[in-house]
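According to mature numbering (1 follows the signal peptide of the UniProt record, and there is no 0), the stretch in the sequence shown is residues -20 to -1, 1 to 279, in order.
C-beta atoms are modelled at their ideal positions from N, C-alpha and C, and glycine is treated no differently.
Because the structure is a prediction, the values reported are computed rather than measured.
The structure appears right after this line, and notes come after that.
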Amino acid sequence: MTSNLSGIVVIANLWILVVGGQSKNWSGYYVDNGTHYLLYEGPRIKPQTFLPGNISTNPAINALEAQDYLPTRIVNGKKIKCSRAPYQCALHYNNYFICGCVILNRRWILTAQHCKIGNPGRYTVRAGSTQQRRGGQLRHVQKTVCHPNYSEYTMKNDLCMMKLKTPLNVGRCVQKVKLPSTRTKRFPKCYLASGWGLTSANAQNVQRYLRGVIVCKVSRAKCQQDYRGTGIKIYKQMICAKRKNRDTCSGDSGGPLVHNGVLYGITSFGIGCASAKYPGVYVNVLQYTRWIKKVAKKY
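Take a look at the structure:
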């Protein structure tokens, strides 16, 4: 089928997993037709070397992620203008979109560490555009500095900073995000989560425009209760958020959770996809503000 289709062919899911009744031969891939990424199903394509097998070494986390085998989407979100989330950026590897990211300043962006899958020189970052493949400003990555205590099993410390070779030009659609004050005692109730991807669990194509959705915080105790029996622990370095029929999914990994221009979370993992039970899990950025500032100053 692919030989008769023009465009860029990429594997649809960064984490194609075999669970339950899912066929071992199943695979999905996108074909860029200039307007949408069209989703096709067929025999598994030999994985490209830069794609990781799983999001985590914890089978419980992978099992949950795998329940949404096409998880690249913001569910029930709305298309938003770049000025609504001027800190948002798109992370590509070998010209393939893999994750969202956040602008810290003109030279540094922040993403999830499980989005770090290869040589820094193969990454590019697009900022200032609602389209992750065109417009705005495109920059190559010079250096990656990931959190040294990241655990692929627990997903703790799922953060990675990337330094751009050339600075971004600040404008209406390119602005640095604010970090939360270390004196913060109370978190906001609700946040804007944004990213690119499919819009529902049954979607057959993915719009290329930036979308956003409002999700609300779930207490760590309630979140842990929701994940009871899964083998997943919710640490203080994580925050949970969801809203009925609205959520982010793993395809939006590395993307921001923001309130009034302040970054409180980075999308990490979860069954997500508007699950009635399981909240989305985000890196608690407040726990890492000192580390972020230290890295940006040191390098």
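Going by beta-carbon coordinates alone, are Gln204 and Val263 separated by less than 8 Å?
no
Within 10 angstroms of its Cβ, does Ala201 collect 16 or more other Cβ (buried), or is it exposed?
exposed
Looking at the unbroken alpha helix (DSSP H) that takes in Trp271, where does it start and where does it end?
269 to 278
Cβ distance (whole Å) where Cys69 is taken to contact Ile83 below 8 Å
6 Å
Going by DSSP, name the residue or residues bridged to Tyr103.
Tyr73
For Arg223, which residues of its own chain have a beta-carbon under 7 Å away from its beta-carbon, when the five flanking residues on both sides are left out?
Ile194, Val195, Cys196
Report the partner residues of Arg119 according to the DSSP bridge assignment.
Val105
Cutoff 8 Å; reference Lys136; Cβ partners in own chain excluding five residues on either side
Asn129, Tyr130, Tyr215, Gln217, Met218
DSSP three-state label for Cys62, please.
helix
Where do the ends of the alpha helix (DSSP H) carrying Cys203 lie?
200 to 206
8 Å Cβ cutoff, Tyr207 in contact with chain B:
Absence of chain B from the displayed structure is noted, only one protein chain being present.
When you compare the CB positions of Pro160 and Val275, do they come within less than 8 Å of one another, or not?
no
Please state if the CB of Leu144 and the CB of Arg119 are separated by a distance shorter than 8 Å.
yes
In whole angstroms, give me the CA-to-CA distance for Cys170 and His239.
7 Å
Whole-angstrom Cβ separation of Arg156 and Asn85, contact assumed at under 8 Å?
It should be pointed out that residue 156 corresponds to Lys in this sequence rather than to Arg. Yes, Lys156 and Asn85 are in contact; Cβ-Cβ is about 5 Å, under 8 Å.
For Phe77 and Trp176, believed in contact at Cβ under 8 Å, the rounded distance:
7 Å
Starting from Gly260, follow its DSSP beta bridges and name the residues at the other end.
Ala221
Between the Cα of Lys123 and those of Arg113, Leu90, Gly192, spot the shortest distance and give me the residue it belongs to.
Leu90
Could you tell me if Thr146 is buried or exposed, where buried requires 16 or more neighbouring beta carbons within 10 angstroms of its beta carbon?
exposed
Give me whichever residues DSSP pairs with Gly175 in a beta bridge.
Arg191
By DSSP's criteria, Cys126 is part of a beta bridge. Which residues make up the other side?
Cys140
For Tyr133, count the other beta carbons within 10 Å of its own beta carbon; 16 or more makes it buried, fewer makes it exposed. Which is it?
exposed
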